[in-house]
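K.L.:
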Amino acid sequence: MTATEAAEEQVQENVNGSPEKAPFSLELSQDQKDIREWVHGFAENVVRPAAHEWDEREEFPWPIVQEAAKIGLYGFEGTAQFFADETGLTLPIVNEELFWGDAGIGMAIMGTGLAVSAIFGQGTPEQIGEWIPRCYGTEDDVKIAAFCASEPDAGSDVSAVRTTAKYDEAGDEWVLNGQKAWATNGGIADVHVVIASVDRELGSRGHAAFVIPPGTSGCEQGAKVKKHGIRASHTADVHLDDCRVPGSCLLGGKEKLDERLARVREGKRSKSQAAMATFEASRPIVGAQALGIARAAYEYSLEYAKERSQFGKAIIENQAIAFTLADMKTEIDAARLLVWRASWMGRNGVPFENAEGSMSKVKAGEVATWATERAIQILGGNGYTREFPVERMHRDAKIYDIFEGTAEIQRMVISRAISGVHIR
Ligand SMILES: Cc1cc2nc3c(=O)[nH]c(=O)nc-3n(C[C@H](O)[C@H](O)[C@H](O)COP(=O)(O)OP(=O)(O)OC[C@H]3O[C@@H](n4cnc5c(N)ncnc54)[C@H](O)[C@@H]3O)c2cc1C
0 MTATEAAEEQ VQENVNGSPE KAPFSLELSQ DQKDIREWVH GFAENVVRPA AHEWDEREEF
60 PWPIVQEAAK IGLYGFEGTA QFFADETGLT LPIVNEELFW GDAGIGMAIM GTGLAVSAIF
120 GQGTPEQIGE WIPRCYGTED DVKIAAFCAS EPDAGSDVSA VRTTAKYDEA GDEWVLNGQK
180 AWATNGGIAD VHVVIASVDR ELGSRGHAAF VIPPGTSGCE QGAKVKKHGI RASHTADVHL
240 DDCRVPGSCL LGGKEKLDER LARVREGKRS KSQAAMATFE ASRPIVGAQA LGIARAAYEY
300 SLEYAKERSQ FGKAIIENQA IAFTLADMKT EIDAARLLVW RASWMGRNGV PFENAEGSMS
360 KVKAGEVATW ATERAIQILG GNGYTREFPV ERMHRDAKIY DIFEGTAEIQ RMVISRAISG
420 VHIR
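Just so you know, we're using numbering that gives the first Met the number 0 here: the sequence shown kicks off at 0 and counts up by one.
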C-alpha cells in the first residue's frame, strides 16, 4: 500500500468511525476518581477549616499532619500508592485537591516529598528502603524531612553552592560545612537531605546529595523565615558545622560519585546533576499545587459573584465579572492539561524535549498568582481583608512564581530546550 492509499484508508476510517477506540483518553479511572474524592473530603473537612488559624499562627500544623498520617494521606505507603499509578496523574490530582484546601497546610503535608524525591532519584535501593520510610515516621510517631539545596548566595544559581562535603577516609565519614537557606521543614525535620559540593571547581557537576540522619550533631536550625504566604509551612536556615555523617549517607554511593567526577574531569558529560535532577522530577507536581490554590480562588469568587448584588443585580451579570471568571476557568483548565502531560511524561520516561515540566510549572504558577488576584478584585473590599480566604490564597499563590525555580529560570530552561541556544 502506498502512503497515499494508506492516508485515504485512514480518512475513510475516520468518516465511517474507527473500529477501535483511540488509545488517548483524559477520562480518569475509578481509582483516580476515588482518591480525588477522598483527598477532597480531607481538604474540605479538616484542612480548610484550620487554614486561617495556622496562617495566623505561622506555625507548623502538627495536629493536621498527624491526622493526615492517620488516614494514610501522609506517609510512606500513601505516597507509594500515589506514585504507583502508571499514568502519573494520581500525584498531581492529590496535590491539587489538598492545596485546594489550603496551601500552607498542604505544604506542611507535602514538603517532605522534596527530600523523598531526592532519595528516590539518587539513592541506591538500600538507601531508598532505609531512608524514605524514616522521612515519614509512622502513623503514631510522625516525622518530616527537609531538602536543603539553596544557600544565601545560591538560589537560582545552584552551581554557586558553597557548602562543602569532605571525605574522611580514616573514619569512612563525610564532613559537611556550610549554611543552607530557605529550607522547607529545615531544622524541625528528622531527616535532612543536603546538597553539597565535593569539588568546587566543577560547579554543579561537583555536587552530591547527603542524608543527615536524625540527631546528627553539627546540623542545626538557623533563623526561621517570616513569610508573605504559605505561613503554616516552616521555612528556615540550616547550619552545618563540622557535621559528620557515615560514608553510607552519600546518596548513590561513593563508587558512583567517583566515576561521575572522573568522567566530568575528563571533559565528558555528567549524567546527573544532583539538585537539578530533583527539581526536574517535581515540577509538574508543584504546578498541581498552584492549580489547587487557583481553583479554590476561582470557585470562591464564582459563588461570591452570584451572591453579591450591586445596582440591583448580581455582580456576575456584568460581563466584566463574568468574562473574568470565564478566563479564570479557561486558564486553570489549560494549566492542568500541561501539568497532566508533564506528569504523564515523567512517570512514563518520555524525554522532556521541550522542557514540558518547566512549562507546566511556570504556567500553573502564573495562573495561580493571576487568578487569586482577580478573585480579590471580584470580592472588592472584602477580598482585601483577612476575613475572606482569597486574600490568603493570593499571598500563598505568589510562592509558585519563585520556589522550585523562578518563572524566569523556567523560561530560561524552556527557551534553551526549544532553541538549542545557551540563553542566559
Ligand atoms: C517559602 C520558600 C520555601 C523554599 N523551600 C526550599 C527548600 O525546601 N529547599 C531549597 O533548597 N530551597 C527552597 N527555597 C528556595 C527557592 O528555591 C529559591 O528562593 C529560588 O530558587 C530563588 O532563589 P533566590 O531566592 O536566591 O532568588 P535569586 O536567584 O536571587 O533571583 C532573584 C530574581 O532574579 C531572577 N534571576 C536570577 N537569575 C536569572 C537569570 N539568569 N535570568 C533571568 N532572571 C534571573 C530570578 O528569577 C528572580 O526574579 C524556598 C524558598 C521559599 C521562599
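C-beta: ideal position from N, C-alpha, C; glycine also.
Rounded to a whole number of angstroms, what is the C-alpha to C-alpha distance between Gly291 and Arg47?
P.N.:
Near 12 Å, if we compare the C-alpha coordinates of Arg47 and Gly291.
K.L.:
Indicate whether Thr111 and Asn184 have their beta-carbon atoms separated by less than 9 Å.
P.N.:
Their beta carbons are under 9 Å apart, which means Thr111 touches Asn184 by this criterion.
K.L.:
Should Asn347 be labelled buried (16 or more other beta-carbon atoms within 10 Å of its own) or exposed?
P.N.:
Burial call: exposed.
K.L.:
With hydrogens ignored, establish whether the beta-carbon of Gly217 is closer than 8 Å to any heavy atom of ligand 1.
P.N.:
No - ligand 1 has no heavy atom lying nearer than 8 Å to the Cβ of Gly217.
K.L.:
Can you tell which of Lys360, Met411, His39, Gly77 has the C-alpha that lies nearest to the C-alpha of Ile398?
P.N.:
Considering only alpha carbons, the answer is Lys360.
K.L.:
Tell me which residue opens and which closes the alpha helix (DSSP H) that Asp33 is part of.
P.N.:
Per DSSP, Asp33 belongs to the alpha helix (DSSP H) from 29-41.
K.L.:
Straight-line CA distance for Val224 to Phe23?
P.N.:
Rounded to whole angstroms, Val224 to Phe23 spans 45 Å at the Cα level.
K.L.:
Using C-beta distances below 6 Å, list every residue in its chain close to Gly71, excluding the 5 sequence neighbours before and after it, in chain order.
P.N.:
Counting only Cβ-Cβ distances below 6 Å, and skipping sequence neighbours, we find Gly77.
K.L.:
Just the C-alpha distance for Ile314 and Ile320, rounded to the nearest angstrom, thanks.
P.N.:
Distance between the alpha carbons of Ile314 and Ile320 is about 7 Å.
K.L.:
So, for Leu301: in the same chain, excluding its five sequence neighbours on each side, which residues have a beta-carbon less than 7 Å away from its beta-carbon?
P.N.:
Same-chain partners within the cutoff: Leu324.
K.L.:
Tell me the DSSP bridge mates of Val244?
P.N.:
For Val244, which the question treats as bridged, DSSP gives the partners Trp173.
K.L.:
Check for me: the alpha helix (DSSP H) holding Val366 runs from which residue to which?
P.N.:
Its alpha helix (DSSP H) spans residues 355-378.
K.L.:
Using alpha carbons as the reference points, say which of Val160, Cys242, Val197 lies closest to Glu219.
P.N.:
Closest by alpha carbon: Cys242.
K.L.:
Give me the DSSP bridge partner(s) of Ser308.
P.N.:
Paired residues: Ala313.
K.L.:
By a C-beta neighbour count over all protein chains shown, 10 Å radius and 16 as the cutoff for buried, is Leu336 buried or exposed?
P.N.:
When all chains shown are included, Leu336 counts as exposed.
K.L.:
Kindly identify the DSSP beta-bridge partner or partners of Phe322.
P.N.:
Answer by DSSP bridge pairing: none, since Phe322 is not bridged.
K.L.:
Extract the residue ranges of the alpha helix (DSSP H) inside the segment 72-107, only unbroken runs of 4 or more that lie entirely within it.
P.N.:
Listed in chain order, they are 75-83, 89-100.
K.L.:
Within 8 Å, do at least three Cβ pairs link the segment 230-250 to the segment 168-178?
P.N.:
Yes, they touch.
K.L.:
Taking the continuous alpha helix (DSSP H) assigned at Glu66, which residues delimit it?
P.N.:
Element bounds for Glu66: 61-69.
K.L.:
Can you check whether the CB of Arg199 is closer than 9 Å to the CB of Arg161?
P.N.:
Yes, these two residues count as a Cβ contact at 9 Å.
K.L.:
By how many angstroms is the C-alpha of Pro283 removed from the C-alpha of Val338?
P.N.:
Roughly 5 Å between the two C-alpha positions.
K.L.:
Among Lys69, Val64, Glu355, which has the Cα closest to the Cα of Gly105?
P.N.:
Checking every option, the nearest Cα to that of Gly105 belongs to Val64.
K.L.:
Assign Val349 to one of three DSSP states: helix, strand, or coil.
P.N.:
It is coil, neither helix nor strand.
K.L.:
I need the straight-line Cα distance from Ile422 to Ala416, nearest angstrom please.
P.N.:
So the two alpha carbons sit approximately 10 Å from each other.
K.L.:
Pop quiz: Cys147 and His191 are said to be a contact at Cβ under 8 Å. What is the actual Cβ separation, rounded to whole angstroms?
P.N.:
Between His191 and Cys147 the Cβ distance is about 6 Å, and since that is below 8 Å, they are a contact.
K.L.:
If you compare alpha carbons, which of His227, Gly228, Pro91 is closest to Ala341?
P.N.:
Ranking His227, Gly228, Pro91 by Cα distance to Ala341 puts Pro91 first.
K.L.:
Smallest Cα separation from Gly221: which of Ala182, Gly214, Arg294?
P.N.:
When each option's Cα is compared against that of Gly221, the closest is Ala182.
K.L.:
Consult DSSP for Ala273 and reduce its assignment to one of helix, strand or coil.
P.N.:
In this prediction, Ala273 scores a pLDDT of 47, lower than 50, which makes its location untrustworthy; no coordinate-derived value is stated.
K.L.:
Measuring straight from C-alpha to C-alpha, what distance separates Glu407 and Gly228?
P.N.:
The straight-line gap from Cα to Cα measures roughly 20 Å.
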